[in-house]
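Novice: Sharing a structure with you now.
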Amino acid sequence: MSEPAGRQHPTRRRVLVAFGVGALAAEQALLPGTPPRAWVPSGLAGAAPSPGGYAPDGTAGRFAALPLRAVRLLDSAFRDNQRRNTAYLLFLDPERLLRSFRLNYGVAAAARPCGGWERPGSQVRGHTTGHLLSGLALTYANTGDDAALARLGSLVGELAALQARARQAGFHPGYLSAFPEAYFDRLEQGRRVWSPYYIIHKFLAGLIDSYQLAGDAQALDVAVRLGDWVEWRTSRLPYAQMQMVLRTEFGGMPEALANLYAITGAERYLAAAQRFYHARVLDPLADGIDALAGLQANVTVPKIIGCLRMWEETGSGRYRDIAQSFWDIVTGHHVYVIGGAGNYEHFHAPGAVASQLSNFTCENCVSYNMLKLTRLLYFHQPARADLLDYYERTLFNQMLGEQDPSSPHGFNCYYTGLSAGAFKRQPLNYFPAGNPDAYSTDYDDFTCDTATGMETQAKFADTIYARDDSGLRVNLFIPSQVACPETGLMLRQVTAFPDDPVTRLSVVSGAAVMTLRVRVPSWAAGPPGVRLNGAAIPGSPGSSRGLSGLSAPAGPWIAPWIALRRLWRAGDVLEVRLPMRLAFEPAPDRPSVQAVTYGPVVLSGVSRTDPGPVTPALETASVRRTGARPMTFEAAAGGRPARLIPVSRAAHEYYTVYWQAV
59 MSEPAGRQHP
69 TRRRVLVAFG
79 VGALAAEQAL
89 LPGTPPRAWV
99 PSGLAGAAPS
109 PGGYAPDGTA
119 GRFAALPLRA
129 VRLLDSAFRD
139 NQRRNTAYLL
149 FLDPERLLRS
159 FRLNYGVAAA
169 ARPCGGWERP
179 GSQVRGHTTG
189 HLLSGLALTY
199 ANTGDDAALA
209 RLGSLVGELA
219 ALQARARQAG
229 FHPGYLSAFP
239 EAYFDRLEQG
249 RRVWSPYYII
259 HKFLAGLIDS
269 YQLAGDAQAL
279 DVAVRLGDWV
289 EWRTSRLPYA
299 QMQMVLRTEF
309 GGMPEALANL
319 YAITGAERYL
329 AAAQRFYHAR
339 VLDPLADGID
349 ALAGLQANVT
359 VPKIIGCLRM
369 WEETGSGRYR
379 DIAQSFWDIV
389 TGHHVYVIGG
399 AGNYEHFHAP
409 GAVASQLSNF
419 TCENCVSYNM
429 LKLTRLLYFH
439 QPARADLLDY
449 YERTLFNQML
459 GEQDPSSPHG
469 FNCYYTGLSA
479 GAFKRQPLNY
489 FPAGNPDAYS
499 TDYDDFTCDT
509 ATGMETQAKF
519 ADTIYARDDS
529 GLRVNLFIPS
539 QVACPETGLM
549 LRQVTAFPDD
559 PVTRLSVVSG
569 AAVMTLRVRV
579 PSWAAGPPGV
589 RLNGAAIPGS
599 PGSSRGLSGL
609 SAPAGPWIAP
619 WIALRRLWRA
629 GDVLEVRLPM
639 RLAFEPAPDR
649 PSVQAVTYGP
659 VVLSGVSRTD
669 PGPVTPALET
679 ASVRRTGARP
689 MTFEAAAGGR
699 PARLIPVSRA
709 AHEYYTVYWQ
719 AV
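So the sequence shown is residues 59 to 720, counted in the working numbering.
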């Protein structure tokens with residue numbers, strides 16, 4: 059989401075604003091003044107999918123995640139990131155963030171202005187406040203931090219007071235933003251403006267999260283008024299003009315409006331959500347066509363999340379087909395080895411990896427939204443092993459590593475670059491550039507990736523487990539403790555994964571009959587070793603008998619889930635060992651260019667000095683694990699010794715992920 063500026067590679071902003079006034083005429087020529095095929099009036103909609111997948115706290119449907127309050131992170135890199143993020147959320151001065159809001163509503167503001175995207179005059183000023191609301195709500199829901207709840211309530215109250223001044227400030231009722239409503243006049247006229255609906259989405263999403271995750275009733279009141287303003291604003295536009303408006307990034311507006319409909323039951327929000335159907339982008343996907351090349355990646359993914367939510371609310375299979383088609387196309391043909399997508403923020407030709415390596419690959423916002431989409435799809439298709447395989451790889455390699463581990467406030471980077479000698483960085487046209495120490499800062503940055511990082515680092519607990527009709531599923535191997543609401547059991551997962559490929563699940567308290575399922579990933583190098591209370595489960599390594607109590611194999615020897623149904627009691631311990639091995643993943647467009655993986659972990663060669671832009675040669679037969687540190691490997695690269703570590707652990711140094719294999 060880079061800001062428009064003079065640089066060689068166009069950002070989404072420079073591309074979108076270029077349409078200008080003539081864009082409306084072009085849309086009218088290309089599209090009839092009728093709704094798209096997916097436009098299903100709610101009264102005529104098909105049956106909504108069962109079970110439904112929506113609820114921010116994870117409680118919807120027969121199959122869903124556990125509520126955040128039921129899962130607690132234990133000591134690990136994930137918990138460390140969460141602590142640093144919480145410190146930053148509580149460090150930020152609300153008065154500085156509210157300064158632009160106050161001035162926009164004619165209220166005096168004495169606080170110092172923020173910098174970066176929140177600076178006075180920025181057309182996206184205010185967006186961070188929406189993310190801050192979501193981050194605080196997620197933090198409170200997961201940790202019960204009273205300071206986070208108090209800060210959230212104070213922010214909501216201030217925003218409500220400003221929204222109440224809308225008429226006095228010359229705005230239409232319900233309008234809430236840090237910039238004038240006139241930005242939307244310009245948008246509807248086809249004039250240059252930077253993504254105003256994108257910012258409205260951040261406010262709506264933050265307010266809805268504040269209500270559903272933290273129980274703030276005033277937040278729902280503010281969200282309803284803002285939703286009414288969006289419904290009024292969009293209902294005035296002919297279809298062709300609305301399609302022109304949608305050429306400018308609008309974030310997750312359809313998702314937020316669908317969520318508001320799910321909460322309130324007010325049909326007007328569902329109607330408003332459907333107006334954000336961007337036909338030019340979504341129609342090809344409905345037909346299974348990959349037309350993604352040239353599209354801005356993080357402009358596109360939220361549109362797909364909106365389609366999935368619209369399927370859940372309307373029952374229209376076309377929305378479902380779009381979401382599934384997009385996920386299959388992107389993960390099959392457009393992602394890099396770490397799970398991220400996009401070079402210079404854009405999709406490129408299918409299979410273009412080696413030809414699209416730079417230090418500007420894999421914008422972190424894209425992966426944030428891809429994980430959000432993957433999670434929702436998983437709730438509807440729990441039997442699909444590839445969903446969690448992708449989720450795990452992206453989470454462990456990119457999202458866990460986007461934060462600066464040496465900063466007390468958990469500063470985030472913008473890109474996870476994948477060229478030779480890459481470093482975790484900010485955009486070229488933004489502070490700071492050309493520096494491997496270039497993470498964000500307290501008040502001088504506030505890019506979209508700084509802001510989404512406030513949410514990413516607050517919700518690591520949301521997909522570790524899931525529940526179904528028969529019990530509990532262990533999706534991810536992250537140290538944590540979980541309370542099962544239906545059974546009263548409390549389980550603790552202790553693991554040093556991925557340094558040690560073993561996880562131990564112990565029953566801390568309670569007694570109940572249920573099925574405990576543990577995921578067996580596709581990267582497992584052999585049958586899992588399974589022990590219950592110290593004894594090998596028949597069928598696992600060390601036992602010659604058939605698989606008793608385990609799910610039927612889905613492949614030649616491996617099952618996607620270990621499933622054991624029994625009476626579980628305090629003191630029971632289930633241990634699962636998943637063998638890992640080195641592997642080399644070739645780039646589709648140049649198979650001699652390869653990345654090194656160990657299980658789900660992507661390895662990177664690190665250096666304190668810039669090794670230069672040429673892809674180095676790696677002697678693949680030389681790669682071996684050392685005993686010095688966990689997950690540390692050595693190899694010969696370019697005739698020199700190289701040290702390889704997980705790419706998520708590369709920080710303040712240069713690193714190389716793709717090599718010329720020899």
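A virtual CB, placed ideally from N, CA and C, is assigned to each residue, including glycine. Values in this document were obtained by computation on a predicted structure and should not be read as measured data.
Say yes only if the C-beta of E460 is nearer than 8 angstroms to one or more non-hydrogen atoms of the ligand MG, and no if none qualify.
Specialist: Because no ligand of any kind appears in the structure shown, any question about the ligand MG cannot be addressed here.
Novice: Within the same chain, show all residues whose beta-carbon is closer than 6 angstroms to that of H406, passing over the 5 residues directly before and after it, in chain order.
Specialist: One-based indexing of the sequence shown puts residue 406 at position 348. Correct list, in chain order: A351, Q414.
Novice: Here's the rule: buried if 16 or more other CB atoms are within 10 angstroms of the residue's CB, otherwise exposed. What is P466?
Specialist: For the purposes of this step, residue 466 is identified with residue 408 of the sequence shown, where counting begins at 1. Exposed, since its Cβ has fewer than 16 Cβ neighbours within 10 Å.
Novice: Which ranges does the alpha helix (DSSP H) cover as unbroken runs of at least 4 residues, wholly within the segment 422-505, from first to last along the chain?
Specialist: 422-438, 443-452
Novice: When you compare each of P254, L304, G696, G685 to L676 by their alpha carbons, which one comes out closest?
Specialist: The residue you call residue 676 lines up with position 618 of the sequence shown. Residue G696 is the option with its Cα nearest to L676.
Novice: Assuming G459 contacts V705 under a Cβ cut-off of 8 angstroms, what Cβ separation, rounded to an integer in Å, is found between them?
Specialist: Reading the sequence shown from its first residue, position 401 is the one you call residue 459. Reading the sequence shown from its first residue, position 647 is the one you call residue 705. Correct: roughly 6 angstroms between the Cβ atoms.
Novice: Can you tell me where the alpha helix (DSSP H) with E325 in it begins and where it stops?
Specialist: Locating residue 325 in the sequence shown gives position 267, where the first residue counts as 1. Looking at the DSSP string, the run of the alpha helix (DSSP H) that includes E325 is 325-332.
Novice: May I ask which residues mark the beginning and end of the alpha helix (DSSP H) holding T577?
Specialist: Within the sequence shown, the letter at position 519 stands for residue 577. Reading off the sequence, residue 577 comes out as Arg, not Thr. Run containing R577: none in the alpha helix (DSSP H); it sits in the beta strand (DSSP E), 569-577.
Novice: Quick check on the burial criterion: 16 or more other C-beta atoms within 10 angstroms. Buried or exposed for G390?
Specialist: For the purposes of this step, residue 390 is taken as residue 332 along the sequence shown, with counting starting at 1. Flag for G390 reads exposed.
Novice: Whole angstroms is fine: what's the gap from L161's alpha carbon to G400's?
Specialist: What you label residue 161 is simply residue 103 of the sequence shown in a count that begins at 1. What you label residue 400 is simply residue 342 of the sequence shown in a count that begins at 1. Roughly 37 angstroms between the two C-alpha positions.
Novice: Measure from the alpha carbon of D345 to the alpha carbon of each residue in T510, A166, F454, I387, then state which is nearest.
Specialist: Reading the sequence shown from its first residue, position 287 is the one you call residue 345. The option with the nearest alpha carbon to D345 is I387.
Novice: To which residues of the same chain is D232 closer than 6 angstroms at the C-beta, ignoring the five residues directly before and after it?
Specialist: On the sequence shown, residue 232 is found 174 positions in, with the first residue counted as 1. Looking at the sequence provided, one finds Gly at residue 232 rather than Asp. So the list reads R283, L284, D286, W287, once near-sequence residues are dropped.
Novice: Hey, Q515 and I536: beta-carbon distance below 9 angstroms or not?
Specialist: The residue you call residue 515 lines up with position 457 of the sequence shown. The residue you call residue 536 lines up with position 478 of the sequence shown. Judged by beta-carbon spacing, I536 lies beyond the 9 angstroms limit of Q515, meaning their Cβ atoms are not closer than that value.
Novice: Pick helix, strand or coil for R338, following the three-state DSSP scheme.
Specialist: On the sequence shown, residue 338 is found 280 positions in, with the first residue counted as 1. Helix.
Novice: CA-CA distance, R525 and A123?
Specialist: Here residue 525 refers to the residue found at position 467 of the sequence shown. Here residue 123 refers to the residue found at position 65 of the sequence shown. Straight-line spacing of the CA atoms in R525 and A123 works out to 6 angstroms.
Novice: Could you give the DSSP three-state label for N591: helix, strand or coil?
Specialist: In the sequence shown, residue 591 corresponds to position 533, counting from 1. If DSSP states are grouped into helix, strand and coil, N591 belongs with coil.
Novice: Can you check which of these residues, D151, V578, D133, P649, is closest to Y501 by C-alpha distance?
Specialist: For the purposes of this step, residue 501 is taken as residue 443 along the sequence shown, with counting starting at 1. Considering only alpha carbons, the answer is D151.
Novice: If you compare alpha carbons, which of D630, I620, G373 is closest to A593?
Specialist: One-based indexing of the sequence shown puts residue 593 at position 535. The shortest Cα separation from A593 among D630, I620, G373 belongs to D630.
Novice: Do you know how far the Cα of G670 is from the Cα of G119?
Specialist: Against the sequence shown, residue 119 aligns to sequence position 61. Against the sequence shown, residue 670 aligns to sequence position 612. Bear in mind that a pLDDT of 48 at G119, under 50, signals an unreliable position, so the model cannot answer this.
Novice: Buried or exposed for D507, going by 16 or more other Cβ atoms inside 10 Å?
Specialist: Position 449 of the sequence shown, counting from 1, holds the residue named residue 507. Under this definition D507 is a buried residue.
Novice: What separation, rounded to the nearest whole angstrom, lies between the Cα atoms of R754 and Y426?
Specialist: Within the shown structure, residues of the chain are numbered from 59 to 720, placing residue 754 beyond reach of any answer.
Novice: Below 8 angstroms on the Cβ atoms is my contact criterion, and I expect L50 with I362 to pass it. Report the Cβ-Cβ distance as a whole number of Å.
Specialist: Lying before the first or after the last residue shown, residue 50 is absent from the chain, which here runs from 59 to 720.
Novice: Where T573 and G529 are concerned, what is the direct C-alpha to C-alpha distance, given to the nearest angstrom?
Specialist: Position 515 of the sequence shown, counting from 1, holds the residue named residue 573. Position 471 of the sequence shown, counting from 1, holds the residue named residue 529. Going from the Cα of T573 to the Cα of G529 covers about 5 angstroms.
Novice: Between which two residues does the beta strand (DSSP E) carrying W721 extend?
Specialist: In the structure displayed, the chain extends from 59 to 720; residue 721 sits before or after that span and is not available.
Novice: Can you list, in chain order, the residues of its chain whose CB lies under 6 angstroms from that of T545, leaving out five sequence neighbours each side?
Specialist: Against the sequence shown, residue 545 aligns to sequence position 487. Cβ neighbours of T545 beyond the five flanking positions: A570, M572.
Novice: Look at M689 and Y656 and say whether their C-beta atoms are less than 9 angstroms apart.
Specialist: Working through the sequence shown from its first residue, we reach residue 689 at position 631. Working through the sequence shown from its first residue, we reach residue 656 at position 598. Going by C-beta atoms, M689 is nearer than 9 angstroms to Y656.
Novice: Beta carbon of D503, beta carbon of W252: below 9 angstroms?
Specialist: In the sequence shown, the residue the question calls residue 503 occupies position 445. In the sequence shown, the residue the question calls residue 252 occupies position 194. Cβ atoms of D503 and W252: not closer than 9 angstroms.
Novice: Exposed or buried, what is T699 when buried is set at 16 or more other beta-carbons lying within 10 Å of its beta-carbon?
Specialist: Indexing the sequence shown from 1 puts residue 699 at position 641. Per the sequence shown, the amino acid found at residue 699 is Pro instead of Thr. Looking at its Cβ environment, which holds fewer than 16 other Cβ atoms inside 10 Å, P699 is exposed.
Novice: Please name the residue in A240, A355, N533 whose C-alpha comes closest to that of W619.
Specialist: Counting from 1 along the sequence shown, the entry for residue 619 is found at position 561. Selected option, being the one with the closest Cα: N533.
Novice: How would you label I347, buried or exposed, when you count the other beta carbons within 10 angstroms and need 16 or more for buried?
Specialist: As a position in the sequence shown, residue 347 is number 289, starting the count at 1. Counting Cβ neighbours within 10 Å, I347 comes out exposed, since fewer than 16 surround it.
Novice: So for Q515, helix, strand or coil by DSSP?
Specialist: Translated into positions along the sequence shown, residue 515 becomes position 457. Coil at Q515, not helix or strand.
Novice: Distance, Cα to Cα, Y335 vs R376?
Specialist: Here residue 335 refers to the residue found at position 277 when the sequence shown is read from its first residue. Here residue 376 refers to the residue found at position 318 when the sequence shown is read from its first residue. The straight-line gap from Cα to Cα measures roughly 12 angstroms.
Novice: Using the Cα positions of R577 and I522, report the straight-line distance between them to the nearest angstrom.
Specialist: Position 519 of the sequence shown, counted from the first residue, corresponds to residue 577. Position 464 of the sequence shown, counted from the first residue, corresponds to residue 522. R577 and I522: Cα-Cα distance of roughly 11 angstroms.
Novice: According to DSSP, is R378 part of a helix, a strand, or is it coil?
Specialist: Here the question's residue 378 lines up with position 320 in the sequence shown. Here R378 sits in helix by DSSP.
Novice: Relative to the alpha-carbon of L217, which residue among N417, A236, L563 has its alpha-carbon at the smallest distance?
Specialist: Mapped onto the sequence shown, residue 217 falls at position 159. Checked all of N417, A236, L563; the closest Cα to L217 is A236.
Novice: Taking only the alpha-carbon atoms, compute the straight-line gap between W717 and Q181 and give it to the nearest angstrom.
Specialist: For the purposes of this step, residue 717 is taken as residue 659 along the sequence shown, with counting starting at 1. For the purposes of this step, residue 181 is taken as residue 123 along the sequence shown, with counting starting at 1. For W717 and Q181, the distance between alpha carbons rounds to 41 angstroms.
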